[in-house]
Structure formats: structure tokens, C-alpha cells
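These protein sequences, in sequence, are chains A and B. The numbers in the working numbering rise by one with no breaks, and the one at position 116 of the first sequence is 501. The numbers in the working numbering rise by one with no breaks, and the one at position 209 of the second sequence is 254. Notes to accompany the following structure.
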Amino acid sequence: MTISGVALLAICTLLGNYLGELLGIALGVKANVGGVGIAMILLIAARIWLVRSGLFSAGLKKGVDLWGSLYIPIVVAMAATQNVVAAVKAGPMVLIAGTGAVILCFAAVAVISRIGPHGETMDEIEAREARERAAEDAAAAALGIKEA
Amino acid sequence: MDVLAKLLNANGLLVAFAVVGLIMWFSYFISKRLTFGRIHGSAIAILIGLALAFVGGLETGGKKGMADLPMLAGMGLMGGAMLRDFAIVATAFEVDVALAKKAGLYGIVALGLGTLLPFILGVVIAWSFGYRDSISLTTLGAGAVTYIVGPVTGAALGADSAVIALSIATGVFKAVLVMVGTPFVARLIGLDNPRSAMVFGGLMGTVSGVSGGLAATDRRLVPYGALTATFHTGLGCLVAPSIFYLVVKAVIGS
Numbered sequence: 386m387t388i389s390g391v392a393l394l395a396i397c398t399l400l401g402n403y404l405g406e407l408l409g410i411a412l413g414v415k416a417n418v419g420g421v422g423i424a425m426i427l428l429i430a431a432r433i434w435l436v437r438s439g440l441f442s443a444g445l446k447k448g449v450d451l452w453g454s455l456y457i458p459i460v461v462a463m464a465a466t467q468n469v470v471a472a473v474k475a476g477p478m479v480l481i482a483g484t485g486a487v488i489l490c491f492a493a494v495a496v497i498s499r500i501g502p503h504g505e506t507m508d509e510i511e512a513r514e515a516r517e518r519a520a521e522d523a524a525a526a527a528l529g530i531k532e533a
Numbered sequence: 046m047d048v049l050a051k052l053l054n055a056n057g058l059l060v061a062f063a064v065v066g067l068i069m070w071f072s073y074f075i076s077k078r079l080t081f082g083r084i085h086g087s088a089i090a091i092l093i094g095l096a097l098a099f100v101g102g103l104e105t106g107g108k109k110g111m112a113d114l115p116m117l118a119g120m121g122l123m124g125g126a127m128l129r130d131f132a133i134v135a136t137a138f139e140v141d142v143a144l145a146k147k148a149g150l151y152g153i154v155a156l157g158l159g160t161l162l163p164f165i166l167g168v169v170i171a172w173s174f175g176y177r178d179s180i181s182l183t184t185l186g187a188g189a190v191t192y193i194v195g196p197v198t199g200a201a202l203g204a205d206s207a208v209i210a211l212s213i214a215t216g217v218f219k220a221v222l223v224m225v226g227t228p229f230v231a232r233l234i235g236l237d238n239p240r241s242a243m244v245f246g247g248l249m250g251t252v253s254g255v256s257g258g259l260a261a262t263d264r265r266l267v268p269y270g271a272l273t274a275t276f277h278t279g280l281g282c283l284v285a286p287s288i289f290y291l292v293v294k295a296v297i298g299s
């Protein structure tokens, strides 16, 4: 059922945010600490558990995927509701500090992501997975011929 | 006309779906036909969203961009924290656990640097603009981390409300800049794999900036960036009003 995926997602999001709030209180911070991240980890764990116990269904996946695929439109709506006027009008200190912070962090991303072995790019990962699937199919086909 | 206005006001979320859908369709059309796919459709859509927010803000004098127009109030619900968190969590279904684990340590280092570097820069710039008290300096430095860390820190330390407003503006400007700038520098900073996306999320921090910027660069990278970015604001709220404040106070001596 599609609703089971939506419900699972809602439960994970609510529980993650609740634990994030509790973590914030425990640390004496007036903010949610990692609520969304905790929710993501819960959902990943739930997926692994459901697959293992054979409860993972196409409908459930559909319910979660629907919201994942609405992600970009939601970000567009978020962009359309930002206080852009204030950000533009706020004056030179804001512009300098904001721009400087972004440039500094971009540079740090460039440095850190080049430390250590080169990571596989998304395109390479998808190509490798496609090759692996093709190899499995070929092996299965070869096996089928032998059995026949 | 009254009937239509009443209908649209009563169905705010549906109006938002329709309007955003049109923006998306138009953006992908522009991306394909005018830029031949060089600028990603979602990047154009986010830019249009920001431009509309600017127009909406000028028009109404409000703080919520388009959502301040009564007919488009549903935009606030669609783009608000509830549905944003819901959709971000949903992207976790695409996370490859092995890849995320491999990048874990890099993500943690990035989180630390992502809090420290902008804070130091923010404090230095605030100093150069004539701020000399440790509370204002800490609040403005925290604003350079994210637009939530700034006011949380300012409120905790009892900063002046004008200083808090400036710290929010710095954070919002940073988020907007990350959203717009990321697709243009993505190749330059090696942003094409899950590990660099996690590093990016930890360093840039702002969930809205990271999620928007990565969405405009490569949709498949979003869950990895969001996974680290979500801890960024919490970490900032933890260290800025405490450790960072004490260090700033000790350094400038007041």
C-alpha cells in the first residue's frame, strides 16, 4: 500500500525531529540538533530491516519515492518564500561577510574532497551498477542455457 | 472574480502545487531550449523562485516573499519546514549506506571547519566594521554560520536587536548565494560524488542553501549533502554561544 510508505516516512520524520529536540535540550541548546539527519538514519535502518524481513513492498517504496521526487519543487517553493529583499538591502557588511563565508567554504570543499583517494562520481557509480546488473543477467542467462 | 479569489484562497496548497509546477515546466523548457541543458532546469527554477520572492517582498513589504500575497499563502506551507523536512528525509531511501559510511570521517571534519571558518571570518569582518564588544562580534560571527545560529546565539547572549537582524541577513544572504552559486562552481570544487557532497553539506551548513544548491547541481547528490548539513545548525547553536563566545571574549578582553 502506498500509504504505508507515506506513513513510514511520517513516523521517521516525526521521531527524528523529536529525538533532535530532546538532544537539543540535553545539550542545553535552543535548537533541534540533527533531527532531519536522525530521521534519515531511521528511514535507512527501516528500509534495511523491511527488506531483510521480506516486508518491503512496491507500494511502500512508491509512497516514499513520491515525496522524494517532490523534493525539488518544494525547494523552489522555499526559495520563493525567502526574505530576499532583506538579504539584498541589508548593506555592505552583510554582503562581504556572506560572500566571504561562501567563498571560504567552497575553497575548503575543494581541498577536503581532494584529500585521499578519488571518490567515484555518481555517473561512475551508476555505470558500475549497470555493468554489474548486466553481468548478473548474462550469468543467469548462461546458467539457464546450460540447465536447458 | 470574487468566486475565483475565494476558491484560490481556500485551496492555498493546491495553488502552490500548480504555480510551482508551471515554474518547473517553464524552467526545464528554458534549460533545454535556450541553454541546451548547460544550466540545469532546477537551478533556473530556484532562481525564478528567488526572483519572485524579491518581487513579492517589494510588493507587500512582508518577510515571506511570495507567500505574503494572500492568494499564494500556500507557498509558505509547501516551502515550509514541515514539507521540506518530509521530502529531505524521503531522499534517504536513495542513500547508499556503504558510500555514506566511507565518507563519514570527512563529513565530521567538514562539519567542524564549516562552523569555525565562517565564524572567524564573520567576527573579523564585524571587527573591521567597528564592532568591538564580544557579544555583537560573536552574534555576527554566528550569523555567518547560518541564519538560525545567528539569532539563537544573539538571543542567548542578549545581543542588540539590530545586531541580531544583521546576523540573520548575513545567514540568509549566504543561503541564497549557496543556492545560486553551487552549480557554477560544482566542477571546480569536485562536487560530483557522494563523499564531496557530504563534505559540502558539512561545510556550507545551511540546509536550505545546501539542498537548493545540490538540487540545482545534481539531484542524486542531495541526500548525501542533507545528511551532514542537518547537524550543522545544531552544532553551531551549541558552540557559538558557549565556547566561541568565551574565546572571543578572552581574545578581545571585554
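Here a beta-carbon is modelled for each residue, glycine too, at the ideal position from N, C-alpha and C. This structure is a prediction, so every number in the text was calculated from the model and none was measured.
Cα-Cα separation between residue i and residue j, rounded to whole angstroms
i        : j        : result
B/THR278 : B/GLY247 : 10 Å
A/VAL473 : B/LEU182 : 22 Å
B/GLY87  : A/PHE441 : The sequence given here places Ser at residue 87 of chain B; Gly does not occur at that position. If you take the alpha carbons of B/SER87 and A/PHE441, they lie about 31 Å apart.
A/GLY422 : B/SER256 : 13 Å
B/TYR269 : B/ALA90  : 22 Å
B/LEU117 : A/LEU427 : 34 Å
B/ALA132 : A/TYR456 : 5 Å
B/LEU114 : B/LEU222 : 25 Å
B/GLY119 : B/PHE229 : 31 Å
B/VAL169 : A/GLU406 : 32 Å
A/TYR403 : B/LYS77  : 42 Å
B/ALA207 : A/TRP452 : 39 Å
B/LEU150 : A/CYS490 : 18 Å
B/ALA274 : B/GLY101 : 28 Å
B/ALA220 : B/THR191 : 8 Å
B/LEU202 : B/ALA96  : 35 Å
B/ILE75  : B/GLY66  : 14 Å
B/VAL225 : B/LEU161 : 23 Å
B/GLU139 : B/VAL267 : 10 Å
Proximity to residue i [Cα-Cα], best of the options
i        : options                                : result
A/ARG432 : A/VAL449, A/VAL494, A/GLY422, A/MET463 : A/VAL449
A/MET425 : B/ALA132, B/ALA137, B/LEU67            : B/ALA137
A/PRO465 : B/GLY152, B/LYS147, B/MET127, B/LEU92  : The question names Pro, but residue 465 of chain A in the sequence shown is Ala. The option with the nearest alpha carbon to A/ALA465 is B/LEU92.
A/THR484 : B/GLY216, B/ASP47, B/VAL267            : B/GLY216
B/ILE213 : A/ALA471, A/ALA395, A/THR387, A/THR398 : A/ALA471
B/ALA231 : B/ALA260, B/THR251, B/GLY195           : B/ALA260
A/LEU445 : A/GLY476, A/VAL461, A/ALA411, A/MET386 : A/MET386
B/GLY107 : A/VAL479, A/MET507, A/VAL469, A/VAL436 : A/VAL469
B/ALA63  : A/PRO458, A/ALA523, A/MET478           : A/PRO458
Beta-carbon spacing of residue i, residue j below 8 Å
i        : j        : result
B/ALA50  : B/LEU122 : no
B/ALA285 : B/THR198 : yes
B/GLY235 : A/ARG499 : yes
B/ILE22  : B/SER179 : This structure does not reach residue 22 of chain B, given that chain B is present from 46 up to 299, and the question cannot be answered.
B/ALA204 : A/GLN467 : no
B/GLY167 : B/GLY188 : yes
A/MET463 : B/ARG265 : no
B/LEU158 : B/PHE276 : no
B/CYS282 : B/VAL154 : no
A/GLY390 : A/LYS447 : yes
Assigned exposure category for residue i - 16 Cβ within 10 Å defines buried
i        : result
B/THR80  : exposed
B/LYS109 : buried
B/SER253 : buried
B/GLY94  : buried
B/TRP70  : exposed
B/ASN56  : exposed
B/MET243 : buried
A/VAL520 : The displayed chain sequence assigns Ala, not Val, to residue 520 of chain A. By the neighbour-count rule (16 or more Cβ atoms within 10 Å), A/ALA520 is not buried but exposed.
A/ALA392 : exposed
A/PRO409 : According to the sequence shown, residue 409 of chain A is Gly rather than Pro. So A/GLY409 counts as buried.
B/VAL293 : buried
A/LEU528 : exposed
B/MET127 : exposed
(request) With 7 Å as the limit, tell me which residues of the region 488–519 of chain A have their beta carbon closer than that to any beta carbon of chain B; keep them in chain order. (result) LEU489, CYS490, PHE491, ALA493, VAL494, ALA495, ILE497, SER498, ARG499, GLY504, GLU505, THR506, MET507
(request) Give, in chain order, every residue of the region 449–462 of chain A whose Cβ lies closer than 9 Å to some Cβ of chain B. (result) VAL449, ASP450, LEU451, TRP452, GLY453, SER454, LEU455, TYR456, ILE457, PRO458, ILE459, VAL460, VAL461, ALA462
(message) Taking beta-carbon pairs under 7 Å, can you tell me which members of the region 96–112 of chain B lie near chain A?
(response) The region 96–112 of chain B vs chain A, Cβ under 7 Å: LEU97, ALA98, PHE99, GLY102, LEU103, LYS108, LYS109, GLY110, MET111, ALA112.
(request) Could you please tell me which residues of the region 232–246 of chain B, in chain order, have their CB closer than 8 Å to any CB of chain A? (result) Residues of the region 232–246 of chain B with a C-beta less than 8 Å from any C-beta of chain A: LEU233, ILE234, GLY235, LEU236, ASP237, ASN238, PRO239, ARG240, SER241, VAL244, PHE245, listed in chain order.
(request) Below 9 Å between beta carbons is the criterion; list the residues of the region 260–271 of chain B that meet it against any residue of chain A, in chain order. (result) ALA260, ALA261, ASP263, ARG264, ARG265, LEU266, VAL267, PRO268, ALA271
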